[in-house]
Structure formats: structure tokens, C-alpha cells
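Peer 1: Chains as they are written, first to last, in this note's numbering: chain Y, 1 to 134; chain P, 135 to 268; chain F, 269 to 402; chain C, 403 to 536.
There are 4 protein chains.
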Amino acid sequence: MTAVESLPRLIVRRTVEWADTDASGHHHHGAILRWVESAETELLTSLGLSGLFGRIPRVHYDVDYRSRLWFGQEVDVEIAIVHVGDRSVRYEFEVRAGEVVAATGSLVITMASPDSPKAEPWPDDVRTALAGIR
Amino acid sequence: MTAVESLPRLIVRRTVEWADTDASGHHHHGAILRWVESAETELLTSLGLSGLFGRIPRVHYDVDYRSRLWFGQEVDVEIAIVHVGDRSVRYEFEVRAGEVVAATGSLVITMASPDSPKAEPWPDDVRTALAGIR
Amino acid sequence: MTAVESLPRLIVRRTVEWADTDASGHHHHGAILRWVESAETELLTSLGLSGLFGRIPRVHYDVDYRSRLWFGQEVDVEIAIVHVGDRSVRYEFEVRAGEVVAATGSLVITMASPDSPKAEPWPDDVRTALAGIR
Amino acid sequence: MTAVESLPRLIVRRTVEWADTDASGHHHHGAILRWVESAETELLTSLGLSGLFGRIPRVHYDVDYRSRLWFGQEVDVEIAIVHVGDRSVRYEFEVRAGEVVAATGSLVITMASPDSPKAEPWPDDVRTALAGIR
Numbered sequence: 001m002t003a004v005e006s007l008p009r010l011i012v013r014r015t016v017e018w019a020d021t022d023a024s025g026h027h028h029h030g031a032i033l034r035w036v037e038s039a040e041t042e043l044l045t046s047l048g049l050s051g052l053f054g055r056i057p058r059v060h061y062d063v064d065y066r067s068r069l070w071f072g073q074e075v076d077v078e079i080a081i082v083h084v085g086d087r088s089v090r091y092e093f094e095v096r097a098g099e100v101v102a103a104t105g106s107l108v109i110t111m112a113s114p115d116s117p118k119a120e121p122w123p124d125d126v127r128t129a130l131a132g133i134r
Numbered sequence: 135m136t137a138v139e140s141l142p143r144l145i146v147r148r149t150v151e152w153a154d155t156d157a158s159g160h161h162h163h164g165a166i167l168r169w170v171e172s173a174e175t176e177l178l179t180s181l182g183l184s185g186l187f188g189r190i191p192r193v194h195y196d197v198d199y200r201s202r203l204w205f206g207q208e209v210d211v212e213i214a215i216v217h218v219g220d221r222s223v224r225y226e227f228e229v230r231a232g233e234v235v236a237a238t239g240s241l242v243i244t245m246a247s248p249d250s251p252k253a254e255p256w257p258d259d260v261r262t263a264l265a266g267i268r
Numbered sequence: 269m270t271a272v273e274s275l276p277r278l279i280v281r282r283t284v285e286w287a288d289t290d291a292s293g294h295h296h297h298g299a300i301l302r303w304v305e306s307a308e309t310e311l312l313t314s315l316g317l318s319g320l321f322g323r324i325p326r327v328h329y330d331v332d333y334r335s336r337l338w339f340g341q342e343v344d345v346e347i348a349i350v351h352v353g354d355r356s357v358r359y360e361f362e363v364r365a366g367e368v369v370a371a372t373g374s375l376v377i378t379m380a381s382p383d384s385p386k387a388e389p390w391p392d393d394v395r396t397a398l399a400g401i402r
Numbered sequence: 403m404t405a406v407e408s409l410p411r412l413i414v415r416r417t418v419e420w421a422d423t424d425a426s427g428h429h430h431h432g433a434i435l436r437w438v439e440s441a442e443t444e445l446l447t448s449l450g451l452s453g454l455f456g457r458i459p460r461v462h463y464d465v466d467y468r469s470r471l472w473f474g475q476e477v478d479v480e481i482a483i484v485h486v487g488d489r490s491v492r493y494e495f496e497v498r499a500g501e502v503v504a505a506t507g508s509l510v511i512t513m514a515s516p517d518s519p520k521a522e523p524w525p526d527d528v529r530t531a532l533a534g535i536r
């Protein structure tokens, strides 16, 4: 993950639930996407920004898968804000089981009301919070 | 989407189910990932290769989101094989509601038994089928 | 399923997607719940009532599982309204793969705005439509 | 919940994730089913029986929904074994947000290999563990 030391980051722990597996025997790749969103939720909540959900559509998501995860394993999902743009935020994430990296990737969100076709600039207080400035 | 006319491609239609929505009011982005997999399933099935599932872990997935999708909408999910490597396949996909493009992206898979840490070369008959050669 | 011939009923077809399976090798039981909702969606839509979604919380769901379903199978999901109460509707459903019954059960919904703690009576036109009277 | 004091029981805590919501604004009812399975997983794991997963198909599930759950809420999922039969186990569960009960219900599982059409009796050591006898 890119190191941008001053920007907010956080690790959450989740378990590979039975419903996260598929008939391959290991995790289904959709589980990564949900865990990343869980980590984002805790990160934004820690910044007082959980109210943004519903107005921050995802505009980009990419992920590289490196290892399988198995039922019952605990996974650490690290997420970091790596760029705060005028109308967007870029996160990078890493999903690990112990020392083994299972997935890395990035997620870009923007701000837009559900009924608006266009992204809007972050309000000043939101932008300040996203940048980790208190 | 990249046009590689001679390689296999296919369109499947799915509906935005209630369970595909979230509290934003529109689709959750995980729905795209599942629809892409549904299209991949039908594509591989059409090539006689549905038996590969369980031995074709995903190694990369990226997606750009361009429009919201709403409960009850019908979506067309187009998937195309754009590259057949020695040990991998790259797909590109596009998800549309009518003329509106909701998402585009790519997916890379490889071949590996669930208990193997390493990718294996495609067997000759699989590779031929993936390349659309009958 | 209970036969109430005059009340609305409908069958939808869905496929056992890869994401519907778990590490047992067959379908995860949560897939049944989603398919039942898909059938309910098409039933209410056929009655001109798709706009109810979001205001019809589920109050009861029960299901008996009788057979496993496997990746790629087509399933027929039959749903029938079997009782229209003052403030509720009871559905019965059956999920089949060919002649094999995989699950049967019932679902009860009521009508309540997301911000209301209490069920409300069906408006007259909704109740008439639910009863299959045109 | 039925009180059978000597039988195993356990409470797990989960969060209402964004992906657990739907366009009603509150939780989708499929989330309850997954949380119950998470609680079952921890219960069986605490009994040394997590290896049963994949060989314990669900045969019955019923649930009554009593309150809505909202994004970000923490939920306590209590599960208890209430009956150990020759070839089955019956659990009862309750999902609460603080003091508010959101759902109650029961789940019945049996034991059967994925390739067997019939339930098998629990092995003696499994039955003893399920009964909470150490």
C-alpha cells in the first residue's frame, strides 16, 4: 500500500463466514469487496463521516487477488485514504490472513446525491475530516 | 470494450433484484461483480467449459462505475474474452441498462486446483475452446 | 402448496449462480430467500404493485429444505398469494429443479412506511389488486 | 427463546454493514440468516465441531421479524441448541440491537455428506459435544 502517513487509515478484522465461501471450497471474491466496504465504514465513522453513506457512489474499484482464504480464518482489512480530490477520495486496501496477503487494491468514491447525475465538491468540513485534519 | 472479433463473447440479461439494492436507493456495487460472473458462467458453459469453475481463481478485477441502476431494471451484461494467455484469460465486460452504460471493466482468471498455490497452463483442449476454435 | 385458485400466483426461473454456492459444493440456503423475493417481485409487478417495495417489511419467513441444488441448475420458483389480510399478505412458495422439490415455505409481509413502527391497512386499490381482482 | 440451561449457547456481535441494507433504508432480511449462521459457526467452533460445516445441510429455518435494523447498528445474535436428536439439531436464535428484539426463530440441521441423499446419525463424540457434555 502507498504510504501517505498523514492521511487516515485503519484496520478492521472480519471472519471468513460460511456464506463467504463458494463451491471451490475457499472464499468467493465478492467477500473482499464487502470487507473493504466494512473497513471504509469504520474509517469514515472514526472521522465522524458515517452520514456520507448513500451519497458517496463508488466510481472505481480494482483488486489483485494473491491467496485463497478459508472458512473460519480471521482477516485483517487495512484501508487508507491516499488521495483527497476536490470531488473524490481514493482509498488503497490490503486484506491479510496473518502475514499472508490475500488481496490488494483501490477504491475511488465521489460525492453525489442519489438523484443527482453529477459529482459535487466535498463540503469544507468533510474535506478537512477526510484529510485527517482535526 | 476492446474488439477482438474472433474471440468468444456473449450477453446475458439480469434484473436488478431488491436484494441488489442498498440504502442509497440504487444498486450496491457488489451486484456488478455477481452479474459479471453470471455472464462468465454462460460464456464458459457455451464453450463446454462450465466444469472449470472451482479451478479458475480470479487474479484481478477492475471496474469503473458510470451510472446508477434501480430496482426492477433489466441489465445486459456483455462479456468478451480479450486475451488467452498460457495460464490466464482476460475478459472485458460492460453492464448496460438499455443504452446507458452502468459499468465497464475487466477480469483476469487463471487455472489452479484449490489445493495448489500455483497457476497451471491451460490443457490444450481448454485453450482451444477459450480461443473460440472449434 | 395450498391451492387458492383465484388468488394471484406466478413462476419465475432463476439459475444457481456460482455465488449462490458455498464450500459444501451445493447452494447456500440464503439463495432460496433471494429467489423467493425475486418471484414476489415479479408477482407484485404483474399486479402493478412493484411500488410497494420499501414499504412492505417482512414479518415472517419459514422454509423446509428438501434437496440440494447445484451450480448451473435452473430452478423454478413458484409463489402464490394464499391469504390477504387487512394489514398483511401470506405467500406460499415452492422451489423446484425439474421435478425435484428443493424447498417449500411461506412468507408474510405487512405494510408500513420505513419510519412507522406499525402496520397500516392496505389501501383499497392495493388490497383489490393483491386479491387478483381487476 | 426456550431455556434449556444445560445445552450450549452463545452470543456473537455483528454490525449492520452497508451491504446488509436495501432500498427500504434498513436491513435486508437475508442479513438475519447470515448472522444466525455466524453465531452457529462460533457455537460449533466452541464445541470443537467447526469441521462439520459442509456436512450439515439445513432442513428447516423459520424467523419472525419484529424491528428494523439500521446501517451501523451493532447486533447481538444469541443462538442456543434446544434439541439434539438422533440425526438432527434444533437451534433457537434471537437477534437484538440493544434491548430491542429484531428477530427470533429456529434452525434445524441434520448430518449428511454432500453426496448422500439421506441423513446419518451423529457420531457418538459429535452428539456428546452437541449436548454440551465434556
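For every residue, glycine included, the Cβ atom is placed at its ideal position computed from N, Cα and C.
At the level of alpha carbons, what is the spacing between His83 of chain Y and Met111 of chain Y?
Peer 2: 14 Å
Peer 1: Taking CB distances under 7 Å as the criterion, tell me whether Trp472 of chain C reaches chain Y.
Peer 2: no
Peer 1: Residues bridged to Phe361 of chain F by DSSP?
Peer 2: F:Ile347 and F:Gly373
Peer 1: Taking C-beta to C-beta, are Val510 of chain C and Ser490 of chain C nearer than 7 Å?
Peer 2: Against a cut-off of 7 Å, the Cβ pair of Ser490 of chain C and Val510 of chain C comes out as a contact.
Peer 1: Considering only residues of the segment 270–351 of chain F, which uninterrupted beta strand (DSSP E) runs meet the minimum length of 3 residues and lie entirely inside it, listed in chain order?
Peer 2: 277–283 and 326–333
Peer 1: Compile a chain-ordered list of the residues in the segment 469–501 of chain C whose CB is closer than 9 Å to at least one CB of chain F.
Peer 2: Within the segment 469–501 of chain C, the qualifying residues are Ser469 and Arg470.
Peer 1: Can you tell which of P:Ala231, P:Glu176 and P:Gly188 has the C-alpha that lies nearest to the C-alpha of Ser250 of chain P?
Peer 2: P:Gly188
Peer 1: Taking 7 Å as the CB-CB limit, is Asp330 of chain F close to chain C?
Peer 2: yes
Peer 1: Regarding Trp256 of chain P and the ligand SAM, is the C-beta to nearest heavy atom distance less than 6 Å?
Peer 2: For the ligand SAM, the structure offers nothing, since it holds no ligand at all.
Peer 1: Comparing C-alpha positions only, which one of C:Pro459, C:Arg416, C:Arg468 and C:Thr417 sits nearest to Lys386 of chain F?
Peer 2: C:Arg468
Peer 1: In angstroms, rounded to a whole number, what distance separates the CA positions of Leu398 of chain F and Val260 of chain P?
Peer 2: Cα to Cα, the separation comes out at about 51 Å.
Peer 1: Given Leu167 of chain P, which residues of its chain have a CB within under 8 Å of its CB, disregarding the five upstream and five downstream residues?
Peer 2: Tyr195 and Val197
Peer 1: Between Y:Thr104, Y:Arg68 and Y:Trp70, which has its C-alpha nearest Ala80 of chain Y's C-alpha?
Peer 2: Y:Thr104
Peer 1: Would you list the residues sitting across from Thr396 of chain F in a DSSP beta bridge?
Peer 2: Thr396 of chain F pairs with nothing; no bridge assigned.
Peer 1: On the three-state DSSP scale, how would you describe Ser515 of chain C?
Peer 2: coil
Peer 1: Alpha carbons only, please: which of F:Ser292, F:Asp392 and F:Gln341 is nearest the one belonging to Ala370 of chain F?
Peer 2: F:Gln341
Peer 1: Okay, do the segment 307–316 of chain F and the segment 435–448 of chain C touch, 3+ Cβ pairs below 8 Å being the bar?
Peer 2: By the Cβ test, the segment 307–316 of chain F is not in contact with the segment 435–448 of chain C, since fewer than three Cβ pairs between them sit closer than 8 Å.
Peer 1: With distances taken Cα to Cα, identify the nearest neighbour of Gly159 of chain P among P:Leu186, P:Leu203, P:Ile145 and P:Leu141.
Peer 2: P:Leu203
Peer 1: For the putative contact between Trp286 of chain F and Phe339 of chain F, defined by C-beta atoms under 8 Å, what is the C-beta separation to the nearest angstrom?
Peer 2: 6 Å
Peer 1: Going by alpha carbons, who is nearest to Ser374 of chain F out of F:Val304, F:Asp354 and F:Asp344?
Peer 2: F:Val304
Peer 1: Do His297 of chain F and Asp288 of chain F have their CB atoms nearer than 7 Å?
Peer 2: no
Peer 1: Could one say the Cβ of Glu388 of chain F lies closer than 7 Å to chain P's Cβ atoms, at least one of them?
Peer 2: False, the Cβ-Cβ gap to chain P never drops below 7 Å.
Peer 1: Does the CB of Thr313 of chain F have a neighbour CB from chain Y at under 7 Å?
Peer 2: no
Peer 1: Please tell me whether Asp76 of chain Y and Arg96 of chain Y are closer than 7 Å, where the distance is taken between their beta carbons.
Peer 2: yes
Peer 1: Keeping to the same chain, check which residues put their C-beta closer than 6 Å to that of Leu141 of chain P; ignore five residues upstream and five downstream.
Peer 2: The answer, listed in chain order, is Ile215 and Gly266.
Peer 1: How many angstroms separate the CA atom of Val327 of chain F from the CA atom of Tyr359 of chain F?
Peer 2: 12 Å
Peer 1: Return the CA-CA distance between Glu212 of chain P and Asp156 of chain P, expressed in angstroms with no decimal places.
Peer 2: 24 Å
Peer 1: Taking 7 Å as the CB-CB limit, is Ala153 of chain P close to chain Y?
Peer 2: no
Peer 1: Once you ignore the five residues that flank Pro523 of chain C on each side, which residues in its own chain have a CB closer than 6 Å to its CB?
Peer 2: Asp488 and Arg489
Peer 1: Arg436 of chain C versus chain Y: which residues are under 7 Å apart at the beta carbon?
Peer 2: Glu17 and Ala19
Peer 1: Quick one, which of P:Leu144, P:Thr262 and P:Ala165 has its alpha-carbon nearest Val150 of chain P's?
Peer 2: P:Ala165
Peer 1: Can you find a CB in chain P that lies within less than 7 Å of the CB of Ser38 of chain Y?
Peer 2: no
Peer 1: Among C:Thr530, C:Arg536 and C:Ser515, which residue has its Cα nearest to the Cα of Pro459 of chain C?
Peer 2: C:Ser515
Peer 1: Determine, for Ala157 of chain P, whether the minimum Cβ-Cβ distance to residues of chain C falls below 7 Å.
Peer 2: True, the Cβ-Cβ gap to chain C drops below 7 Å.
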